[in-house]
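Enquirer:
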Amino acid sequence: IKEQTFIDPNTSTIVDVVDELDVDGWAFGGAFGMMIRPNNWLRIGMNYRTQVKDTLQGDGTFQTLGGFDAELTQVLPTLITTGFSARVNSFLLFSFAYGWERNSELKNINIDTDLLGAVSLPQNWKNSHTFHFGIETTPLEHIHILAGYAKDFNESIPDAVNNRVTGDVAAQEISAGVGIDLGKAITTTLSWNGRFGDRTVPVTATNLAPGEISAFIHTLSFGLGVNL
């Protein structure tokens, strides 16, 4: 996050401008899914992900107050995804999925800094309706190359309000990965995901951190699948 105005939520006065904020951390949650295969070329599936809590720690710099340490605690909402994949031939597969993320169940994000203490920023987003498009190619018998694109068509995070640190900055994301078959029943997958975009949050009485937000958020994931 760069060049973002920070406002004291208790007094609604501008405290300073954040030149830069860099944080990282771990998140924990759970997921359950199921898939049916009515024939050799079509698969239909559904996945449920619980809320995911993460704590991000790092440091930043105010234009006037100087450097500071920061800790941010947030919860990613419940996510339900359903979709299908269709195999064109032995080398090419297309997929489509619809994701419903219950943003309305979360009300705030908590931020704690050594300079300004703890504050709670309200969220108040709409539930998202995201379409996912994917493609898989199989250049070799046991190796799969993956690519995807996703967009939220409900504009669940309007430009006029704050957005959480690891949320959809412009409600767009891209992904790429590789999968390797270790046998007839086991597959490993390494994938990269990037959310990107720019956002302008105006200075109002209810926006606690207005300003220009430009971000590119990366996620690296490892998966292990077993076909029973």
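Take 51 as the starting number for the sequence shown in the working numbering and just add one per residue.
Each residue gets a CB set at the ideal place from its N, CA and C atoms; glycine is no exception.
1) Going by the beta-carbon positions, is the gap between N158 and S170 smaller than 9 Å?
2) Starting from E235, follow the beta strand (DSSP E) in both directions and report where the run begins and ends.
3) Would you kindly report the start and end of the unbroken beta strand (DSSP E) that includes R152?
4) Check K176 in the structure and name its three-state DSSP category.
5) Should N213 be labelled buried (16 or more other beta-carbon atoms within 10 Å of its own) or exposed?
6) In three-state DSSP terms, what is P88?
7) Where do the N-terminal and C-terminal ends of the beta strand (DSSP E) with D164 fall, by residue?
8) Taking the continuous beta strand (DSSP E) assigned at T132, which residues delimit it?
9) Rounded to a whole number of angstroms, what is the C-alpha to C-alpha distance between D74 and T105?
10) Mind checking who Q124 pairs with in its DSSP beta bridge?
11) Say the cut is 8 Å; is the CB of L71 nearer than that to a heavy atom of the ligand NAP?
12) Should Q101 and L126 be called a contact, given that it needs their Cβ atoms to be closer than 9 Å?
13) Only counting the same chain, and skipping five residues up and downstream in sequence, which positions put a Cβ closer than 7 Å to that of M84?
14) Following the continuous beta strand (DSSP E) through L194, name the residue where it begins and the one where it ends.
15) Which whole-angstrom value describes the C-beta separation of T111 and D69, a residue pair presumed to lie in contact below a C-beta threshold of 8 Å?
16) Please list, in chain order, all residues of the same chain as E151 whose beta carbon is under 6 Å from its beta carbon, the five residues on each side excluded.
17) Taking the beta strand (DSSP E) that S225 belongs to, which residues open and close that run?
Expert: Concretely, from the data shown:
1) yes
2) Position check: residue 235 holds Ala in this sequence, whereas Glu was assumed. Careful: A235 lies outside any beta strand (DSSP E) and carries neither H nor E.
3) Neither: R152 is in no beta strand (DSSP E) and is coded neither H nor E.
4) coil
5) Any answer about N213 is weak, because its pLDDT of 46 lies below 50 and its placement is not dependable; what the coordinates show is given next. Buried is the call here.
6) coil
7) Segment: none, D164 is in no beta strand (DSSP E) and carries neither H nor E.
8) 129 to 137
9) 8 Å
10) D104
11) Among the components modelled here there is no ligand, and therefore nothing to report on the ligand NAP.
12) yes
13) G95, M96
14) The identity of residue 194 in the sequence shown is His, whereas the question assumes Leu. It spans 193 to 202 - the beta strand (DSSP E) in which H194 sits, taken as one unbroken run.
15) 4 Å
16) P127, L129, S178
17) 222 to 231
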